[in-house]
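Following: one structure in C-alpha cells, then a few remarks.
Protein chains in written order, with the working numbering: chain X, -13 to -4; chain S, 2 to 216.
Dropping the structure here:
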C-alpha cells in the first residue's frame, strides 16, 4: 500500500 | 465512501451526541469515565493532525471538527462545569490510563507504515482508540447498573468500529492494493473488547431488564 496515501477515513 | 463506512460514521456521531445530550440536558455524568473521554480526546487530536493540511472532502473535515469539538467539550464539562463535575465519580474511575498511553506510543514507534511524526501519531491514535474504552468498562463493572443513555453510548461506540470492519472488508475486495493491517488489527481488537458488553447489553435488552455487568 502506498504509505503516503491520504487518510480518507475518520 | 461505502454504506458500511457511512453507517459507521453515523453510529460514531450518534454515540458522541447521546453522551453530549445526556451531560448537557440532565447536567450529569454519572457512570461516565472521564479517563475514557480524555483518551478519546487524545485519539482525535493525534489522528486529525492533517485536518488543515490535507483536504479530503467537506464531509471529512466537518466530521473531524465534530469529533474533536465533542470529545474536548465532554472532557471540559466533566472537569470544569460546576454542576456536571459534581456527578463525576472520581473514586471509582481509577483506571491508570497513562499505562495505556505509553505502551501505545512505544508500539506505534515500532509498528507503523512510515516512520514520520504524523504517521507514528496516527498509528498511536489507532492503538489508543482500541483500548480507550477500558476505563469505561471497568467503571461499569464497579458501579454495577448504569443508566440507559450511558449503555446506549457504549453500545454505539462499539458498533461503529464493527461497521468499519465491514468497510475494510468491502474496500479490500473492491479496491486493488487496499491493504492496511494496522487499522484492521487495531479495529478488530477494539471490537472484541466490547464483546462481553454486547453480550450483556443484548440480554438486558431481550429480557427487558436493567443492564448489569457481572462483578
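Cβ atoms here follow ideal geometry from the backbone N, Cα and C, with glycine treated the same way.
- Residue 143 (chain S) and residue 96 (chain S) have their C-alpha atoms roughly 11 Å apart.
- Contact check for residue 28 (chain S) against residue 85 (chain S) passes: the beta carbons are separated by less than 7 Å.
- At a Cβ-Cβ threshold of 7 Å, residue 32 (chain S) and residue 134 (chain S) do not count as neighbours.
- Per DSSP, the unbroken alpha helix (DSSP H) holding residue 107 (chain S) starts and ends at 99 to 111.
- About 6 Å separates the beta carbons of residue 189 (chain S) and residue 166 (chain S), which is inside the 8 Å limit, making them a contact pair.
- Residues of the segment 26 to 57 of chain S with a C-beta atom less than 7 Å from some C-beta of chain X are 51, 55 and 57, listed in chain order.
- Look at residue 215 (chain S) here: in three-state DSSP terms it is coil, with no helix or strand label.
- Only residues of its own chain outside the window of five on either side were considered, and among them 19 and 23 have a CB closer than 7 Å to the CB of residue 150 (chain S), listed in chain order.
- For residue 61 (chain S), the neighbours in chain X by C-beta distance under 8 Å run, in chain order, -6 and -4.
- When DSSP states are grouped into helix, strand and coil, residue 159 (chain S) belongs to the helix group.
- Chain order gives the chain X residues near residue 68 (chain S) as -4, where near means a beta carbon separation below 8 Å.
- From the beta-carbon of residue 123 (chain S), the residues of chain X found nearer than 7 Å are -7.
- Counting other Cβ atoms within 10 Å of its Cβ, residue 79 (chain S) reaches 16 or more and is therefore classed as buried.
- In the DSSP assignment, residue 64 (chain S) falls within the unbroken alpha helix (DSSP H) covering 59 to 81.
- Counting only runs of at least 3 residues, the segment 114 to 161 of chain S fully encloses no beta strand (DSSP E) element at all.
- Interface flag for residue 11 (chain S) against chain X is unset, since no Cβ pair is found closer than 7 Å.
- DSSP places residue 168 (chain S) in the helix class (H, G or I) of the three-state scheme.
- Under a criterion of Cβ atoms nearer than 9 Å, the residues of chain X adjacent to residue 6 (chain S) are, in order, -5 and -4.
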